[in-house]
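Trainee:
Residue numbers (the working numbering), protein chains in the order written: chain C, 11 to 295; chain U, 11 to 295.
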């Protein structure tokens, strides 16, 4: 049996009881390291926290390992229970569909343990999840590669009054160009797109395309470390958010569509206030 | 402190460790009963299972109670830790935004514990979550009330090649018309829309509107009891799914847009096969 277990967004505590019970049954436990480990506080220390909680060793499975050694993992899952741990939900922002397809083709039974993902946890800002259009990904621009397919999607969403979730690029364990040329793999240091970079790129594309999909005054919500104890949510115009320091990764961004009054009320709690506010009394009931 | 804690989709085991730790700290624990308790196996028995797990009593808070007594709940949360348990994610299909807004206005601190919701767990069928358009709700048609605003949204999603998640109507503790007239509240028995009813209504609206948003041959995925041990997923045309008995609630439906090859491969595992298949060998690695 292959258990694909979502770990949720915050830290080790965000696993479900169902997930924990499954991990404890597994003879071998892998954890994907190629999406968002850093956000999960998973330095080598973090891994030992997990191992303590689970009562068994956890093997870091990076992208290469999963792609190159999937058959080995699946053949283990044929004989005994194998756990594959995934940050967020197994079918959230990142796809683990390929592993499931391979497993099913080999006749390996698969059980999925769901958890929160960015795709639903953004609901915390008060924008209703059923009012989102297509989700977009914003890749890091380079000198020569500036893909902008997100622009047309955002334009359509906004035309329909829908909110747009922008997933921001993560580059972990990318072989450096230089090392590829020399035939020996060396890796670039990990890179996580900030909300600030995302907005700069968005505004650059708007300037070039000029179809007025959005502008500096368009309302957005920036999320850093969503689901963690120290998550940071700020609502404001693109211009305002450009000046906010959101701190460590992961970041994501929502471009706000047409809002209902309840959505406005909720957003208001996260909005950048320019005037000094009266300090709010605590618990005034 | 008000803790709003997502319980996930399956049963008591789907709470996260973070959620469980929070519940155990709370002096008073409410559970919303107005969205999807039945799906959660929460008869009065189910409630005592939860109480055993949490080590404290759990108060059923139906829609009336939450709406009419929100201020009482919040004033308790002012003085001590109060837990409010929600099936799925606190900001998933149903909104608890109103309670949060009220709490924040009163200066009551709010902590949210995320979990899986229908909105992300539908990913299990292999259709990529970022390829969904706007989510629609399909309400029960009556003799005189046949709202069809979902039609235009589905049409737009399909034009763009996007998948559409259809949330199906749930009617729990609705006062009966007769009882309202007599001035004494009596409630209709709970009613959960099946995939079959949803498809019938969808096809009826298509026939009237005639804009070819979809037809009997349009590919869909039906989900029953998503996230539970006995969940049922079937992929097929609307016509095919009309004949499937999905069993007890909750049901939801995805109308498939344009698919990528990996999505097709995954859907194939859930597709109704008309020819007899060779029995699949188990674990053929």
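Just so you know, even glycine gets a beta-carbon here, dropped at the ideal spot from N, CA and C. Here the structure is a predicted model, which means the values were calculated and not measured.
Restricting to runs no shorter than 3 residues, where is the beta strand (DSSP E) found entirely within the segment 150-238 of chain U?
Mentor: List check, beta strand (DSSP E) in window: 174-178 and 229-234.
Trainee: Looking at residue 84(U): is its Cβ nearer than 8 Å to the Cβ of residue 112(U)?
Mentor: The sequence position of residue 84(U) within the second chain is 74, counting from 1. The sequence position of residue 112(U) within the second chain is 102, counting from 1. Yes, Cβ-Cβ distance for residue 84(U) and residue 112(U) is below 8 Å.
Trainee: If you follow the alpha helix (DSSP H) that residue 83(C) is part of, which residue opens it and which one closes it?
Mentor: Within the first chain, numbered from 1, the residue matching residue 83(C) stands at position 73. That run of the alpha helix (DSSP H) goes 73-89.
Trainee: When DSSP labels each residue in this structure, what does residue 49(U) get in the three-state scheme?
Mentor: Stepping through the second chain from its first residue, residue 49(U) is reached at position 39. Because the pLDDT at residue 49(U) is just 48, under 50, the model does not fix this residue reliably, and the value given afterwards should be weighed accordingly. Correct three-state label for residue 49(U): helix.
Trainee: Go ahead and label residue 87(C) buried or exposed: buried means 16 or more other beta carbons lie within 10 angstroms of its beta carbon, across all protein chains shown.
Mentor: By 1-based counting over the first chain, the position of residue 87(C) is 77. So residue 87(C) ends up on the buried side.
Trainee: Quick one: is residue 143(C) near chain U, going by C-beta distance under 8 Å?
Mentor: By one-based count along the first chain, residue 143(C) stands at place 133. Chain U, which has a Cβ nearer than 8 Å to the Cβ of residue 143(C), makes this yes.
Trainee: Am I right that residue 3(U) and residue 205(U) are in contact with their C-beta atoms under 8 Å? What's the rounded C-beta distance?
Mentor: The structure shown does not extend to residue 3(U), since chain U is modelled only from 11 to 295, so the question has no answer here.
Trainee: When burial is assigned at 16 or more other CB atoms within 10 Å of the CB, is residue 277(C) buried or exposed?
Mentor: Here residue 277(C) is taken as the residue at index 267 of the first chain, counted from 1. Buried, because 16 or more other Cβ atoms sit within 10 Å of the Cβ of residue 277(C).
Trainee: Secondary structure at residue 36(C), three-state DSSP: helix, strand or coil?
Mentor: What you label residue 36(C) is simply residue 26 of the first chain in a count that begins at 1. If DSSP states are grouped into helix, strand and coil, residue 36(C) belongs with coil.
Trainee: May I ask you to report which of helix, strand or coil DSSP gives residue 1(U)?
Mentor: Summary: the structure shown does not reach residue 1(U), with chain U confined to residues 11 through 295, and so no result is reported for it.
Trainee: Is it buried or exposed, residue 171(U), if we count other Cβ atoms within 10 angstroms and call 16 or more buried?
Mentor: The residue you call residue 171(U) lines up with position 161 of the second chain. When all chains shown are included, residue 171(U) counts as exposed.
Trainee: Can you find at least 3 beta carbon pairs, one from the segment 141-149 of chain U and one from the segment 160-168 of chain U, that sit closer than 8 Å?
Mentor: Yes, since at least three Cβ pairs between the segment 141-149 of chain U and the segment 160-168 of chain U fall closer than 8 Å, the two stretches touch.
Trainee: Taking the alpha-carbon positions, what's the residue 247(C) to residue 59(U) distance?
Mentor: Here the question's residue 247(C) lines up with position 237 in the first chain. Here the question's residue 59(U) lines up with position 49 in the second chain. Near 47 Å, if we compare the C-alpha coordinates of residue 59(U) and residue 247(C).
Trainee: So, are the CB atoms of residue 231(C) and residue 182(C) less than 8 Å apart?
Mentor: Walking along the first chain from the start, residue 231(C) turns up at place 221. Walking along the first chain from the start, residue 182(C) turns up at place 172. No, the Cβ-Cβ distance between residue 231(C) and residue 182(C) is not below 8 Å.
Trainee: Count the other C-beta atoms from every protein chain shown that fall within 10 angstroms of the C-beta of residue 98(U), then say buried if there are 16 or more, exposed otherwise.
Mentor: As a working note, residue 98(U) is residue 88 in the second chain. Under this definition residue 98(U) is a buried residue.
Trainee: Could you pull out every residue in the same chain whose Cβ sits closer than 6 Å to the Cβ of residue 119(U), ignoring the five residues on either side in sequence?
Mentor: Locating residue 119(U) in the second chain gives position 109, counting from the first residue. So the qualifying residues of the chain are 11.
Trainee: Could you compute how far the alpha carbon of residue 71(U) sits from the alpha carbon of residue 197(U)?
Mentor: Residue numbering aside, residue 71(U) sits at position 61 when the second chain is read from its first letter. Residue numbering aside, residue 197(U) sits at position 187 when the second chain is read from its first letter. Whole-angstrom Cα-Cα distance: 16 Å.
Trainee: Going by DSSP, what residue range makes up the beta strand (DSSP E) through residue 12(U)?
Mentor: The sequence position of residue 12(U) within the second chain is 2, counting from 1. Per DSSP, residue 12(U) belongs to the beta strand (DSSP E) from 12-16.
Trainee: Please confirm whether residue 166(U) has its beta-carbon closer than 8 Å to some beta-carbon of chain C.
Mentor: To locate residue 166(U), count along the second chain from 1; it is residue 156. Chain C contact via Cβ: present.
Trainee: Could you check the C-alpha separation between residue 255(C) and residue 68(U) for me, to the nearest Å?
Mentor: As a first step, residue 255(C) is located in the first chain; it is residue number 245 there, counting from the start. As a first step, residue 68(U) is located in the second chain; it is residue number 58 there, counting from the start. Using only the alpha carbons, I get a separation of about 41 Å.
Trainee: Say whether chain C places a C-beta atom closer than 8 Å to the C-beta of residue 76(U).
Mentor: Start at 1 with the first residue of the second chain, and residue 76(U) comes out as number 66. Chain C, which has no Cβ nearer than 8 Å to the Cβ of residue 76(U), makes this no.
Trainee: If contacts are defined as beta-carbon pairs under 8 Å, then residue 26(U) and residue 125(U) qualify, I think. What distance do you get, rounded to the angstrom?
Mentor: Here residue 26(U) refers to the residue found at position 16 when the second chain is read from its first residue. Here residue 125(U) refers to the residue found at position 115 when the second chain is read from its first residue. At roughly 6 Å, the Cβ-Cβ gap stays under 8 Å, so residue 26(U) and residue 125(U) are in contact.
Trainee: What residues in the segment 139-163 of chain C have a beta carbon less than 8 Å from any beta carbon of chain U?
Mentor: 139, 140, 141, 142, 143, 144, 145, 146 and 147
Trainee: Among 136(C), 24(C), 245(C) and 211(C), which residue has its Cα nearest to the Cα of residue 153(C)?
Mentor: Within the first chain, numbered from 1, the residue matching residue 153(C) stands at position 143. Selected option, being the one with the closest Cα: 211(C).
Trainee: I'd like to know whether the C-beta of residue 247(C) is nearer than 8 Å to at least one C-beta of chain U.
Mentor: Taking the first residue of the first chain as 1, we reach residue 247(C) at position 237. No, because no Cβ of chain U sits closer than 8 Å to the Cβ of residue 247(C).
Trainee: Can you look up residue 26(U) in the DSSP assignment and give me helix, strand or coil?
Mentor: Within the second chain, residue 26(U) is the residue found at index 16, counting from 1. Three-state result, residue 26(U): strand.
Trainee: Buried or exposed: where does residue 219(C) fall if 16 or more other Cβ atoms within 10 Å of its Cβ makes it buried?
Mentor: Numbered from 1 along the first chain, position 209 holds the residue referred to as residue 219(C). Exposed, by the Cβ-count rule.
Trainee: List, in order along the chain, the chain U residues whose C-beta lies closer than 7 Å to that of residue 59(C)?
Mentor: In the first chain, residue 59(C) corresponds to position 49, counting from 1. Chain U residues near residue 59(C): none, gap ~12 Å exceeds 7 Å.
Trainee: Run down chain U in chain order and give the residues with a C-beta less than 8 Å from the C-beta of residue 216(C).
Mentor: Translated into the one-based positions of the first chain, residue 216(C) becomes position 206. Ordered by position in chain U, no residue passes the 8 Å Cβ test against residue 216(C), which lies about 21 Å from the chain.
Trainee: Taking 8 Å as the CB-CB cut-off, is residue 279(C) touching chain U?
Mentor: If you number the first chain from 1, residue 279(C) lands on position 269. For residue 279(C), the answer is yes, since a Cβ of chain U falls inside 8 Å of its Cβ.
Trainee: In the DSSP assignment, find the unbroken alpha helix (DSSP H) run with residue 128(C) in it and report its ends.
Mentor: Here the question's residue 128(C) lines up with position 118 in the first chain. Where residue 128(C) is concerned, the enclosing alpha helix (DSSP H) stretches over 128-131.
Trainee: Give the interface partners of residue 261(U) over in chain C, defined as CB-CB distance under 9 Å, in chain order.
Mentor: Counting from 1 along the second chain, the entry for residue 261(U) is found at position 251. Chain C residues near residue 261(U): none, gap ~17 Å exceeds 9 Å.
Trainee: So if I threshold CB-CB distances at 9 Å, which residues from the segment 13-25 of chain U count as touching chain C?
Mentor: 16, 18, 19, 20, 21, 22, 23, 24 and 25
Trainee: Checking 8 Å against the spacing of the C-beta atoms, do residue 95(U) and residue 41(U) come in under that value?
Mentor: The count along the second chain starts at 1 and reaches residue 95(U) at position 85. The count along the second chain starts at 1 and reaches residue 41(U) at position 31. Yes, they are a contact pair.
Trainee: Excluding the five sequence neighbours on either side, which residues of its own chain have a C-beta within less than 8 Å of the C-beta of residue 30(C), listed in chain order?
Mentor: Within the first chain, numbered from 1, the residue matching residue 30(C) stands at position 20. So the qualifying residues of the chain are 63 and 64.
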